[in-house]
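Shown next, in structure tokens, is the structure this report addresses.
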Amino acid sequence: MKKLKKLLFRFVFCITIVGSFSTLIVGYSESVSNSFDWPSFRGDQQLTGVANGRFPDDIELLWTFETKDAIESTSAIYDGTVYVGSLDGYLYAVNLETGQVKWKYQATDEIKSSPSVYENTIYFGDEQGTFHAVDIQTNQKKWIFQADAGIISSANFIDDRILFGSYDQCLYCLDAKTGVLIWKFETEGYVHGAPAIVDNLVVTSGCDGYLRIINTQNGVENRRILLSDYIVASPAIYSHNAYMGTYGNQVIAVDLKAGQILWKYEHPVKQFPFYASAAVTEKIVIVGGRDKMVHALAPKSGKLIWAYATKSQIESSPVIVDSRVIFGTSAGNLYALAIDSGEPVWQFTVGSPIIASPSVALGKFVIGATDGVLYCFGKK
831 MKKLKKLLFR FVFCITIVGS FSTLIVGYSE SVSNSFDWPS FRGDQQLTGV
881 ANGRFPDDIE LLWTFETKDA IESTSAIYDG TVYVGSLDGY LYAVNLETGQ
931 VKWKYQATDE IKSSPSVYEN TIYFGDEQGT FHAVDIQTNQ KKWIFQADAG
981 IISSANFIDD RILFGSYDQC LYCLDAKTGV LIWKFETEGY VHGAPAIVDN
1031 LVVTSGCDGY LRIINTQNGV ENRRILLSDY IVASPAIYSH NAYMGTYGNQ
1081 VIAVDLKAGQ ILWKYEHPVK QFPFYASAAV TEKIVIVGGR DKMVHALAPK
1131 SGKLIWAYAT KSQIESSPVI VDSRVIFGTS AGNLYALAID SGEPVWQFTV
1181 GSPIIASPSV ALGKFVIGAT DGVLYCFGKK
């Protein structure tokens, strides 16, 4: 645990605007996850990046927890415990209230895959290509599965099946209880992002430039849509539409039922790739880019609603909570913006680049940075 007094040397800047942080914007909370946990990357099966609860007034740093190497993946929060992987090769279980470590589990290599919790088991992959299932009560290994290359993709679940991608170009479906392979689907490029699940279908994108829709029961491809440029972001799904940024400097919306591209957005001046995944509700799509900007788009048309410049690249995927959107930057800054205007309402500087995304639960949010520190924020 890194003592909070060490953070006195770090610059904290808070902006307070008229009105409560907890003001609810009608319509922006309609696609929130079904629980007050954050069990996986992006929070739910559809990878919407929308959290339950309210963004607290007077938010401040509550605690920090220090690992031995960089944190590049997003934490899971389940039943009052934070699960976070580090490049030091350990998965840590940390008490959400106190920041005290409960246990740690050693993987076979660096952990860049964001962990996911399902049925009292934590699942994640590592750079060696080993996929781990660990009992959250005993911190003992239940089983492991070996892919043919590193795993950065985070897992998703449906009907006791677990799905994830690998740099061996395959999407895997395993029995969540036993780790037995049910099927695998071979793509034509690395599968970096997490798969989304909707209506018994898995939606996955990758470095081959395709968005694929695959039957979760048998691994048969129902449809593929060519997006031209490779994709490291995970698709965010709302109302049978998928939204994602590409390395071709575009944000693309796809109608999954029709198998057609709805629209493409590209900034008229700044042309840089999108690495981060989008957050989406009925009324807004929000995505950060390596163009150092956050873009808020209309889901039906792709029209720009607002944009906010941060002066540094954004690889941290934004999370919508209440009437705010929170994210980190490569300069080590955390921001909360008003979702209706893009105006900054809160900022905190940790001093090290942030690649991980926020995880939100029980009135708090946590995020890791490349200094190896996990930060927890909330109201004291």
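As numbered in the working numbering, residues 831 to 1210 make up the sequence shown, in order. The beta carbon of each residue, even a glycine, is placed where N, CA and C say it ideally should be. Everything numeric in this text was worked out from a predicted model, so none of it was measured.
- Taking Cβ to Cβ, would you say D888 is nearer than 8 Å to K1194? Here residue 888 refers to the residue found at position 58 when the sequence shown is read from its first residue. Here residue 1194 refers to the residue found at position 364 when the sequence shown is read from its first residue. For D888 and K1194, no; Cβs fall outside 8 Å.
- Item | Residues near Y920 in its chain [Cβ-Cβ closer than 6 Å; skip 5 each side] | For this step, residue 920 is matched to residue 90 along the sequence shown. K934, Q936.
- Message: According to DSSP, is F1015 part of a helix, a strand, or is it coil?
- Response: As a first step, residue 1015 is located in the sequence shown; it is residue number 185 there, counting from the start. Three-state DSSP puts F1015 in a strand.
- Message: Using only the alpha-carbon positions, how far apart do F975 and S1064 sit?
- Response: Stepping through the sequence shown from its first residue, residue 975 is reached at position 145. Stepping through the sequence shown from its first residue, residue 1064 is reached at position 234. Spanning the two alpha carbons is a distance of roughly 22 Å.
- Roughly how far, in whole angstroms, is the beta-carbon of A1108 from the beta-carbon of I1150, given that I think they are within contact range, below 8 Å? Residue 1108 sits at position 278 when you count from the first residue of the sequence shown. Residue 1150 sits at position 320 when you count from the first residue of the sequence shown. So it is not a contact: roughly 10 Å between Cβ atoms.
- Item | First through last residue of the beta strand (DSSP E) which encompasses G1118 | To locate residue 1118, count along the sequence shown from 1; it is residue 288. Looking at the DSSP string, the run of the beta strand (DSSP E) that includes G1118 is 1115-1118.
- Would you mind stating whether T1200 and P1174 have Cβ atoms separated by less than 8 Å? Here residue 1200 refers to the residue found at position 370 when the sequence shown is read from its first residue. Here residue 1174 refers to the residue found at position 344 when the sequence shown is read from its first residue. No, the pair does not count as a contact, with Cβ atoms beyond the cut-off.
- Message: Taking the beta carbon of Q876 as the centre, do at least 16 other beta carbons fall within 10 Å, making it buried, or is it exposed?
- Response: Counting from one through the sequence shown, the residue named residue 876 turns up at place 46. Buried, by the Cβ-count rule.
- Do Q958 and G980 have their C-beta atoms closer together than 8 Å? Stepping through the sequence shown from its first residue, residue 958 is reached at position 128. Stepping through the sequence shown from its first residue, residue 980 is reached at position 150. For Q958 and G980, yes; Cβs fall inside 8 Å.
- Query: Just the Cα atoms here: how many angstroms apart are Q1080 and F1104?
  - Reply: Translated into positions along the sequence shown, residue 1080 becomes position 250. Translated into positions along the sequence shown, residue 1104 becomes position 274. So the two alpha carbons sit approximately 7 Å from each other.
- Message: Please give me, in chain order, every unbroken run of the beta strand (DSSP E) with length at least 3 that falls completely inside the region 1028-1088.
- Response: 1031-1035, 1040-1045, 1051-1056, 1066-1068, 1071-1075, 1081-1085
- Task: From the DSSP output, in three-state form, read off R884 for me.
- Result: One-based indexing of the sequence shown puts residue 884 at position 54. Looking at R884 - three-state DSSP - the assignment turns out to be coil, as it is neither helix nor strand.
- T1179 to T1159, Cα distance in whole Å? Walking along the sequence shown from the start, residue 1179 turns up at place 349. Walking along the sequence shown from the start, residue 1159 turns up at place 329. Rounded to whole angstroms, T1179 to T1159 spans 10 Å at the Cα level.
- Query: Leaving out five residues before and five after G1198 in sequence, what residues of the same chain have Cβ atoms less than 7 Å from its Cβ?
  - Reply: Translated into the one-based positions of the sequence shown, residue 1198 becomes position 368. If we look at G1198 and ignore the five residues flanking it on each side, its Cβ neighbours are I901, S905, V914, A1186, L1204.
- Query: Which residue or residues does DSSP assign as beta-bridge partners of H1216?
  - Reply: Because residue 1216 is not part of the residues shown, which for the chain are 831 to 1210, the question remains open.
- Task: Grab the span of the beta strand (DSSP E) containing D1005 for me, first residue to last.
- Result: The residue given as residue 1005 occupies position 175 in the sequence shown. 1000-1005 is the span of the beta strand (DSSP E), which, as asked, contains D1005.
- Item | CA nearest to the CA of D1085, picked from Y1073, F871, K971, S870 | Along the sequence shown, one-based indexing puts residue 1085 at 255. Checked all of Y1073, F871, K971, S870; the closest Cα to D1085 is Y1073.
- Secondary structure of F895, DSSP reduced to three states: One-based indexing of the sequence shown puts residue 895 at position 65. Reduced to three states, the DSSP call for F895 is strand.
- Could you check if L854 is buried or exposed, using at least 16 other CB atoms within 10 Å of its CB as the buried criterion? Within the sequence shown, residue 854 is the residue found at index 24, counting from 1. The pLDDT assigned to L854 is 28, lower than 50, so where the model puts this residue is not dependable, and the model offers no usable value.
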